[in-house]
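Report on the structure given below.
Protein chains in written order, with the working numbering: chain S, 1126 to 1525; chain H, 101 to 470; chain A, 17 to 296.
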């Protein structure tokens, strides 16, 4: 502290210390503690409250579906020349997932070919909107009831491990599988990346190097969602992959032989590798880049095989980069919500992050959601420490 | 500008890790003096400088400048200015803003700052360079900007931390003369830190030799070289041939020491008494060949002689270096090239005057000379 | 793209790996890298192409003619425009919060010598190493439990700032570690107050990094999905809106947005490359 005051003076030091304290308290430590506190607080919901919660959930889902219908109808109306109804946005309380897409596969926000006349549709819309209004009123009523019962003796909060122990077998299985998948994504990403990072780091041609760096930076900087989205076009039933298979005669799309790659575990896995592989390339490239390339030449000159050169010279040098890349890739995969949501379409077996989401926003069980989050957090911390131990690197090497 | 005196009263510096960089030290530096602190790296000289400038607080003792006690006063509030080893010019400011920085800190209005900066740049022969960036200047020019910047705050004491070490030899010699000239013109007290004895001896009014956190000797350049008081000063400044032995007689200022090379006589620097262990030292340039004097007993009575075996002879032009061995001792002789083509024989008789021979108490001997 | 064929500097065949073998290895490695980049870029290419296809489902195989319709429709999509506005609002907030926090953390960590600095460092970088959804969840819970703030734009901004500030801090630390500390001492010695040193020496030195950090923080904020998705409650940003539309099916409008994102990215990346190369 003395050194700080000496450097910045009392005033500035106080400002810096104050800001860091705010950062730690408001954004890092206390939020985590709040989550941990909730994770260990078991709320014994009376049967009545649980029923209410389910009923509210149902009402929300129904209303959302109706709103989708309204919007679709209006989109169709918009497409009519002269029609100028303002597009209705869906004011859902939380972006509810899964249900609509899963239960009504045809329900995309796509403009349907307008079957009926414009007049016919407007009546439709009015009827729907009336129904929505009724539902909204019902939701409000139910929620006020719920508030009452939860505020009073409806729930009894006690510290216990129940939020963890009541995790169902299926959920636990999903937890384990998620970590396992994330681990595989990490390993596979490393295998894919290492040669690329090595080639780029040892390239001596400046133009080629700049080109390859651009080749890495551009996809890296493009939004995760868009990169995921670009794969759906490939993997879809009428997508590029099936068209290609059709073209070379393996399947016949017209005969309905199109394979639905989307929403399979394989698709989720593939897209995840694609989405997060670049988080592995950069750290490894950065460390190999600092290796004195003469060491490689020297090892080669001494008669070392390619295998030996990599296992004895390059990889030991690249350890911190490999550790960072692995931690980032694992953390992103295990905590990914975008890939399973978008590629999985709610049809493939769940990813643990989706469970957490549903605990919070659908089952409205924040405490159990916290417990699940804590489980994921602990898994990531264990992975970080294990990686640091295996690669013998410190925390300062990791976050660079 | 007026120089002020600096008084170190029993200062001591112990770092938190327990290492004592400077042991209890008293030192008085006179106003307007060019004072050098000379010592090997790690001897504590930079620590002393940083304590005077206020970057370090002594663990014990007091520092006064111009009679004002400085303890607890930060570097920004002391009448000192420091010229750093790497100069520490602000790379993002043009030359004139660098020079005027201290004035800016004192709230001098811009127009006045600019004018003063140009005056100072003229003093250091950099007129017209005010709007350049420091990176556009040569090494010597940057050096002068650093001096101008330090002088701008009108310090009573200018502290210089080996500021010439980054320059090449020729420029270094030129800058020595220039610094000395600036010091004379401004009459500011200069405290100059260096490990280069040439710089210290050439510029300074007085030199302090430091070793392992202690000041060994404070004296004029001549006294440091010719009348060293400790083994370290003797061996660190200039070169010495060293013999070890025991005092066999001590009459007045002259002592006789029994060494492996027979009895050698010399000047008693440390009040040694009969029976004391002693070091006998003589500089290479004070040793000559024994020829004419051999037959003259009166002259011989004032000479130490010894015979040595020639190992190597290096001709350097004006000087000749002879490397010899006498028993277990290596002896280095440095003599003028008088054109007599001597000596080549294996066995050589060497002679050096008693008054050039220094006898002192054993102490630490400098491994790397300045 | 292929790999440069390395020639042995000594011109000597080394025992373990004859030249021909190595050429083969290099050719395979080069081919592999080409495939890698093809896989990286082809999906994006398809996505871009489909944005110009008149077909109402994004497709490149079912080409129904070139159109710019999907781009023209974008400005009429109120929810998207609103989302963009939300995104910009959040990003502005994130910059305002993250830069001072990141700077403070970096200043303290680069000067603190005590043992506590390791712990402090670990705490301050932890948001980078924690899954984004957990940051979202904890922020949401915290603000509701303690202050009764419902999840929305504010919590999304707070959640994003928690880790973006860490990124900024790491950037500032990297820069500060390259700073010549003697400059600050020199300024102090010339009589500057610590505040003047900070204003005239430290801040100008950090300025380029602060600008870069603003850009990075802005991009990170705009592009963030995981954390925002959990913390934003009933509101939405451009990206969460894109995400929820993707779940309900594909629309070429998403492709059109994708094209805009891709174009901006490529322009920025190439400009950056050219600028840094010119400087080097």
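Idealized CB from N, CA, C, for every residue including glycine.
For chain S, check one thing: does any of its Cβ atoms lie closer than 8 Å to the Cβ of residue i?
| i | result |
| --- | --- |
| residue 287(A) | no |
| residue 199(A) | no |
| residue 223(A) | no |
| residue 216(A) | no |
Is the CB of residue i under 8 Å away from at least one CB in chain H?
| i | result |
| --- | --- |
| residue 220(A) | yes |
| residue 227(A) | no |
| residue 265(A) | no |
| residue 212(A) | yes |
| residue 130(A) | no |
| residue 177(A) | no |
| residue 45(A) | no |
Ends of the beta strand (DSSP E) at residue i?
| i | result |
| --- | --- |
| residue 1066(S) | The requested residue 1066(S) is not part of the displayed model; chain S covers only 1126 to 1525. |
| residue 459(H) | 458 to 460 |
| residue 128(H) | 120 to 129 |
When the cut-off is 8 Å and only beta carbons count, does residue i lie next to chain A?
| i | result |
| --- | --- |
| residue 186(H) | yes |
| residue 1134(S) | yes |
| residue 190(H) | yes |
| residue 1222(S) | The predicted model places residue 1222(S) with a pLDDT of 41, which falls under 50 and marks its position as unreliable; any figure quoted below should be read in that light. True, the Cβ-Cβ gap to chain A drops below 8 Å. |
| residue 1157(S) | yes |
| residue 253(H) | yes |
| residue 175(H) | yes |
| residue 206(H) | yes |
Should residue i be flagged as near chain B, meaning a C-beta pair shorter than 8 Å?
| i | result |
| --- | --- |
| residue 90(A) | Of the protein chains in this structure, namely S, H and A, none is chain B. |
According to DSSP, residue i sits in a beta bridge with which residue or residues?
| i | result |
| --- | --- |
| residue 423(H) | 412(H) and 432(H) |
| residue 311(H) | 314(H) |
| residue 447(H) | 409(H) |
| residue 452(H) | 404(H) |
| residue 293(H) | 137(H) and 261(H) |
| residue 366(H) | 355(H) |
| residue 164(H) | 107(H) and 169(H) |
| residue 69(A) | 82(A) |
| residue 183(H) | 260(H) |
| residue 1284(S) | 1166(S) |
Can you tell me whether residue i is helix, strand or coil according to DSSP?
| i | result |
| --- | --- |
| residue 342(H) | strand |
| residue 377(H) | strand |
| residue 137(H) | strand |
| residue 31(A) | Low confidence applies here, because residue 31(A) scores a pLDDT of 45, under 50, leaving its location unreliable and the question unanswered by this model. |
| residue 1435(S) | helix |
| residue 404(H) | strand |
| residue 158(A) | helix |
| residue 1361(S) | coil |
| residue 260(H) | strand |
| residue 1261(S) | helix |
| residue 113(H) | strand |
| residue 107(H) | strand |
| residue 1395(S) | helix |
| residue 1478(S) | helix |
| residue 1168(S) | strand |
| residue 1330(S) | coil |
| residue 1419(S) | helix |
| residue 1269(S) | helix |
| residue 306(H) | strand |
Let's see if you can read the secondary structure: which residues bound the alpha helix (DSSP H) around residue i?
| i | result |
| --- | --- |
| residue 1136(S) | 1127 to 1147 |
| residue 1414(S) | 1403 to 1414 |
(message) Does the contact criterion of 3 or more C-beta pairs under 8 Å hold for the segment 1399 to 1412 of chain S versus the segment 1311 to 1320 of chain S?
(response) By the Cβ test, the segment 1399 to 1412 of chain S is in contact with the segment 1311 to 1320 of chain S, since at least three Cβ pairs between them sit closer than 8 Å.
(request) Pair every Cβ in the segment 48 to 64 of chain A with every Cβ in the segment 1337 to 1351 of chain S, then say whether three or more of these pairs are closer than 8 Å. (result) Three or more beta-carbon pairs separated by less than 8 Å link the segment 48 to 64 of chain A to the segment 1337 to 1351 of chain S, which places the two stretches in contact.
(message) Would you call the segment 1411 to 1427 of chain S in contact with the segment 1480 to 1492 of chain S, where contact means no fewer than 3 C-beta pairs closer than 8 Å?
(response) At 8 Å Cβ cutoff, the stretches do not touch.
(message) Could you check whether the segment 213 to 225 of chain A touches the segment 236 to 247 of chain A, counting it as contact only if at least three pairs of C-beta atoms, one from each stretch, sit closer than 8 Å?
(response) Output reads no: the segment 236 to 247 of chain A does not touch the segment 213 to 225 of chain A.
(request) Would you be able to state if there are at least three C-beta pairs under 8 Å between the segment 448 to 458 of chain H and the segment 364 to 384 of chain H? (result) Taking a contact to require three or more Cβ pairs closer than 8 Å, the segment 364 to 384 of chain H and the segment 448 to 458 of chain H qualify as touching.
(message) Across the segment 240 to 256 of chain H and the segment 191 to 203 of chain H, are there enough close Cβ pairs to call them in contact, namely three or more that are closer than 8 Å?
(response) Enough Cβ pairs lie closer than 8 Å, so yes.
(request) Could you tell me whether the segment 141 to 150 of chain A touches the segment 67 to 87 of chain A, where touching means 3 or more Cβ pairs closer than 8 Å? (result) Judged by Cβ distances under 8 Å, the segment 141 to 150 of chain A makes no contact with the segment 67 to 87 of chain A, as fewer than three pairs qualify.
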